[in-house]
Amino acid sequence: MARQTRSANAGARRPRRNQRRNVTVGQAHIKSTFNNTIVSITDPTGAVIAS
């Protein structure tokens, strides 16, 4: 009978939840095609906050 091995992630912790940030100024980037519309909200440095 074959031995069962444990996976490396069996006891791994779940990733942390993102912390909430208050952003007073931002930009909305809108990309629209025939089939999709993608809106990305960014902070002034260009880091995506929501997609």
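This note's numbering numbers the first residue of the sequence shown as 1334 and each following residue consecutively.
No residue lacks a Cβ here, since even glycine has one placed at the ideal position from N, Cα and C.
Spatial neighbours of residue i in its chain, beta-carbon cut-off 6 Å, leaving aside the 5 residues before and after
i       : result
Ile1374 : Gly1359, Ala1361, Ile1382 and Ala1383
Lys1364 : Ile1371
Host beta strand (DSSP E) of residue i (start-end)
i       : result
Gln1360 : Gln1360 to Ser1365
Ala1383 : Val1381 to Ala1383
Gln1375 : The sequence given here places Thr at residue 1375; Gln does not occur at that position. Thr1370 to Thr1375 is the span of the beta strand (DSSP E), which, as asked, contains Thr1375.
Neighbourhood of residue i by C-beta distance below 8 Å, restricted to the same chain and skipping five residues each side
i       : result
Thr1366 : none
Backbone CA spacing between residue i and residue j [nearest angstrom]
i       : j       : result
Ala1345 : Thr1338 : 16 Å
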